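*Asks:* Below is a structure I'd like to ask you about.
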Amino acid sequence: MNQRTFFVKTFGCQMNERDSEIMSQTLSMHGYVEGMVMEQADLVILNTCSIRAKAEQKVMSLLGMLRKAKASNKGMQICVAGCVAQQEGEKLLERMPHVDLIIGTQNIYRIGECLEYARKNPGFIAIDLQDNYDIPRFMPDSDLSANKPAEFRKFVTIMQGCNNYCSYCVVPYTRGREVSRKVSDIIDEIKVLIEGGIREITLLGQNVNSYGKTNIVTDNGLPCSFADLLHLVAEIPGLSRLRFTTSNPKDLSDQLMRCFRDIPILCPQFHLPVQAGSDAVLKRMNRKYSVQQYLELVDTLRSYRPEIALSTDIIVGFPGETEEDFQGTMDLLEQVRYHGSFSFKYSDRPGTRSADFDDKVPEDVKTRRLIEFQARQDEISLERNREYLGSTKEIMVESINSDSIKGRTTTNHIVHVDSSGLGDNIRPGDLLMTEIYHAGQHSLKGKINS
Ligand code: 5AD
Ligand code: SF4
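Count along the sequence shown from 1, then add 276; that gives the number in this note's numbering.
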């Protein structure tokens, strides 16, 4: 019998990317093989995101398209996983009756058995979400090279869920309560990855600052904070670079900030979402910090690691945001001078508190504010990039083609390097020293320092 083929399409954040890897590996263990063309696969998995309405619309239109593909490929099974699955459940099946399996965020480890059940019972919904949930011990495939050639960096999930309830955010509903993975599972996973050739690890969680706060993560029951975990991971031999994401400023401890001073392989790069530069808006967002407190954190971080590159997330047009509030966000941008940022128009999400706020900002105002913010951020990013001109930076090689090498600095900047004369012995994951001679808005150019 031919092996069944699967195709996974991932939307949204890095957590979802990692979850997709876990599902792919689980399916391989169940005898599936990865296919190259979605429409021809026996099993299509959409791992979905519902952070903003647009993300959800993308999933719906792809599902519409798959209805036709399934009509001409009768054996096809369609599975919706991730945040839209978790949030919509039954409603999704009503709109998209050709879906065979709807699997929630805590059930991805059970995808094999759920699919088997769904083959006899199409339209199966597995979206139970538990509060006291142990993230299963799941080790990566030790033969990484068998999966994809030349992998050198990986995401490692250290916790699931979120307890913060920012008023605009769907995550507490789609990913449930905060649960941390056991320290030993995380360390063992990273050791397997390093043995497989991985050189850079990014630790992932919705709010890594609260790692280890809501459940016991050590065998001896002693507490282990996120900063403690960073020290433990940094001690594993063979790792060149360590990063993490994401942090909520409200509980960013001094102990964690000091890691940037004390752990050499912790990259000087920090994504610290601020969301807004107005105390009134921050309060309605339930963020639990003020602009002043945020700026103090920025100062402290820079005192511990002067070269640290900061990035952030911004929402414009939150309900009730006045011109003055928005000006606060623009002022904050000038004060911090982020290396980069992700900015979004506020989007109502079902079940969130802000969806019920009545002073919504009109769409055209949101659009104008977003354009203004992004235009200024682009200028600042370019100015920031120009600060690197003439300096020598270490890059980790990501890809190589006949005339250029693409790499990334510890500060997370892309550098393109002329590869002529470098020979064939450079591999992804190698570290090279480059002298920066050109700065663009989104990337740098460098030459090899010999
Ligand atoms: N509308 C717009 N942006 C949102 N984000 C989260 N929820 C919403 C929403 N309802 C943004 C935040 C968050 C990032 C991942 O997405 O900036 O940090
Ligand atoms: Fe999207 Fe948030 Fe779910 Fe990630 S956790 S997929 S960003 S809704």
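Just so you know, even glycine gets a beta-carbon here, dropped at the ideal spot from N, CA and C.
Values in this document were obtained by computation on a predicted structure and should not be read as measured data.
Taking Arg457 as part of the beta strand (DSSP E), name the residues at either end of that continuous run.
*Replies:* By 1-based counting over the sequence shown, the position of residue 457 is 181. Note, Arg457: premise wrong, no beta strand (DSSP E); not H, not E.
*Asks:* Taking 7 Å as the line, does the beta carbon of Ser566 fall inside it for any heavy atom of the ligand SF4?
*Replies:* For the purposes of this step, residue 566 is taken as the residue at position 290 of the sequence shown. No; taking the cut-off as 7 Å, the Cβ of Ser566 has no heavy atom of the ligand SF4 nearer than that.
*Asks:* Residue ranges of each beta strand (DSSP E) run of no fewer than 3 residues wholly in the stretch 372 to 403, ordered along the chain?
*Replies:* Complete beta strand (DSSP E) runs here, min 3: 377 to 379, 400 to 402.
*Asks:* Pick from Cys355, Ile321, Cys359: whose alpha carbon is nearest that of Ala329?
*Replies:* Within the sequence shown, residue 329 is the residue found at index 53, counting from 1. Considering only alpha carbons, the answer is Cys359.
*Asks:* Taking all protein chains shown into account, decide if Thr598 is buried (16 or more other Cβ within 10 angstroms of its Cβ) or exposed.
*Replies:* As a first step, residue 598 must be located in the sequence shown, where it is residue number 322. Classification of Thr598: exposed, given that the 10 Å Cβ count is below 16.
*Asks:* With contact counted as at least three CB pairs below 8 Å, one residue from each stretch, are the stretch 374 to 393 and the stretch 404 to 419 in contact?
*Replies:* They touch, by the three-pair rule.
*Asks:* What are the complete alpha helix (DSSP H) segments, minimum 4 residues, inside the stretch 497 to 522?
*Replies:* Those alpha helix (DSSP H) runs which fall completely within the stretch 497 to 522 and span 4+ residues are 502 to 510.
*Asks:* Where does Gln482 fall in DSSP's three states?
*Replies:* The residue labelled residue 482 in the question sits at position 206 within the sequence shown. DSSP places Gln482 in coil when its eight states are reduced to three.
*Asks:* What are the start and end residues of the beta strand (DSSP E) that includes Met561?
*Replies:* Within the sequence shown, numbered from 1, the residue matching residue 561 stands at position 285. Unbroken run through Met561: none, as it is neither H nor E.
*Asks:* At the level of alpha carbons, what is the spacing between Val313 and Phe283?
*Replies:* As a position in the sequence shown, residue 313 is number 37, starting the count at 1. As a position in the sequence shown, residue 283 is number 7, starting the count at 1. Looking at the two C-alpha atoms, the distance is approximately 7 Å.
*Asks:* If you follow the beta strand (DSSP E) that Tyr622 is in, where does it begin and where does it stop?
*Replies:* Position 346 of the sequence shown, counting from 1, holds the residue named residue 622. Per DSSP, Tyr622 belongs to no beta strand (DSSP E) and is neither H nor E.
*Asks:* How is Val284 classed by DSSP in three states: helix, strand or coil?
*Replies:* Here the question's residue 284 lines up with position 8 in the sequence shown. Reduced to three states, the DSSP call for Val284 is strand.
*Asks:* Nearer than 7 Å: is that true of the beta carbon of Phe431 relative to any heavy atom of the ligand 5AD?
*Replies:* Taking the first residue of the sequence shown as 1, we reach residue 431 at position 155. Flag unset: Cβ of Phe431 not near the ligand 5AD.
*Asks:* Can you list, in chain order, the residues of its chain whose CB lies under 6 Å from that of Lys636, leaving out five sequence neighbours each side?
*Replies:* As a working mapping, residue 636 is identified with position 360 in the sequence shown. Excluding sequence neighbours, Lys636 sits near Pro595.
*Asks:* In this structure, does DSSP put Asn323 in helix, strand or coil?
*Replies:* Indexing the sequence shown from 1 puts residue 323 at position 47. Strand.
*Asks:* Specify which residues have a beta carbon nearer than 6 Å to any heavy atom of the ligand SF4, listing them in chain order.
*Replies:* Those satisfying the condition are, in chain order, Gly288, Cys289, Met291, Asn292, Cys325, Ser326, Ile327, Gly358, Cys359, Val446, Val447, Thr450, Arg451.
*Asks:* Can you find the residues in the same chain that come closer than 6 Å, C-beta to C-beta, to Val493, ignoring five residues on each side of it along the sequence?
*Replies:* The sequence position of residue 493 within the sequence shown is 217, counting from 1. Hits under 6 Å: Ser456, Lys458, Val459, Cys500.
*Asks:* In the DSSP assignment, find the unbroken beta strand (DSSP E) run with Asp417 in it and report its ends.
*Replies:* Residue 417 sits at position 141 when you count from the first residue of the sequence shown. From DSSP, Asp417 is part of no beta strand (DSSP E); its letter is neither H nor E.
*Asks:* Could you check if Pro549 belongs to the surroundings of the ligand 5AD, using beta carbon to heavy atom distance under 7 Å?
*Replies:* Locating residue 549 in the sequence shown gives position 273, counting from the first residue. Correct: Pro549 has its Cβ closer than 7 Å to the ligand 5AD.
*Asks:* With DSSP collapsed to three states, give me the class of Thr643.
*Replies:* If you number the sequence shown from 1, residue 643 lands on position 367. Helix.
*Asks:* Going straight from the alpha carbon of Pro448 to that of Gln363, what length do you get?
*Replies:* Translated into the one-based positions of the sequence shown, residue 448 becomes position 172. Translated into the one-based positions of the sequence shown, residue 363 becomes position 87. Distance between the alpha carbons of Pro448 and Gln363: 11 Å.
*Asks:* By how many angstroms is the C-alpha of Leu322 removed from the C-alpha of Ile591?
*Replies:* Counted from its first residue, the sequence shown places residue 591 at position 315. Counted from its first residue, the sequence shown places residue 322 at position 46. If you take the alpha carbons of Ile591 and Leu322, they lie about 26 Å apart.
*Asks:* Taking DSSP's pairing of strands, which residues face Gly722 in a bridge?
*Replies:* For the purposes of this step, residue 722 is taken as residue 446 along the sequence shown, with counting starting at 1. DSSP lists Val693, Ile712 as partners of Gly722.
*Asks:* Would you decide whether Phe502 is buried or exposed? Buried here means 16 or more other CB atoms lie within 10 Å of its CB.
*Replies:* Looking up residue 502 in the sequence shown gives position 226. Buried, because 16 or more other Cβ atoms sit within 10 Å of the Cβ of Phe502.
*Asks:* Taking the DSSP output, what are the residues bridged to Gln545?
*Replies:* Translated into the one-based positions of the sequence shown, residue 545 becomes position 269. BP columns for Gln545 point to Ala585.
*Asks:* Does DSSP put Thr628 in a helix, in a strand, or in coil?
*Replies:* Along the sequence shown, read from residue 1 onward, the residue named residue 628 stands at position 352. Correct three-state label for Thr628: coil.
*Asks:* Which value, in whole angstroms, describes the spacing of the CA atoms of Glu572 and Tyr614?
*Replies:* On the sequence shown, residue 572 is found 296 positions in, with the first residue counted as 1. On the sequence shown, residue 614 is found 338 positions in, with the first residue counted as 1. Looking at the two C-alpha atoms, the distance is approximately 15 Å.
*Asks:* Buried or exposed, going by whether 16 or more other CB atoms sit within 10 Å of the CB of Ser696?
*Replies:* Along the sequence shown, one-based indexing puts residue 696 at 420. When all chains shown are included, Ser696 counts as exposed.
*Asks:* Is Ala317 helix, strand or coil by DSSP?
*Replies:* Here residue 317 refers to the residue found at position 41 when the sequence shown is read from its first residue. Of the three classes helix, strand and coil, the one that applies to Ala317 here is coil, per DSSP.
*Asks:* Run through the DSSP bridge pairs and tell me what Gly616 is partnered with.
*Replies:* Taking the first residue of the sequence shown as 1, we reach residue 616 at position 340. Note: Gly616 sits in a beta bridge opposite Ser587.
*Asks:* Tell me, please, which residues DSSP counts as bridged to Gly596.
*Replies:* Indexing the sequence shown from 1 puts residue 596 at position 320. None; Gly596 has no bridge partner.
*Asks:* Can you grab the Cα-Cα spacing for the pair Lys559 / Arg343, in whole Å?
*Replies:* Taking the sequence shown and counting its residues from 1, the one referred to as residue 559 is at position 283. Taking the sequence shown and counting its residues from 1, the one referred to as residue 343 is at position 67. In a straight line, the C-alpha of Lys559 is about 44 Å away from that of Arg343.
*Asks:* Which of the three DSSP states, helix, strand or coil, is assigned to Gln611?
*Replies:* Residue numbering aside, residue 611 sits at position 335 when the sequence shown is read from its first letter. DSSP places Gln611 in helix when its eight states are reduced to three.
*Asks:* What residues match up with Phe431 in a beta bridge as DSSP calls it?
*Replies:* On the sequence shown, residue 431 is found 155 positions in, with the first residue counted as 1. Phe431 pairs with Thr478.
*Asks:* Flag Ser623 as yes when its Cβ comes closer than 7 Å to any non-hydrogen atom of the ligand 5AD, and as no otherwise.
*Replies:* By 1-based counting over the sequence shown, the position of residue 623 is 347. Under cutoff, so the answer is yes.
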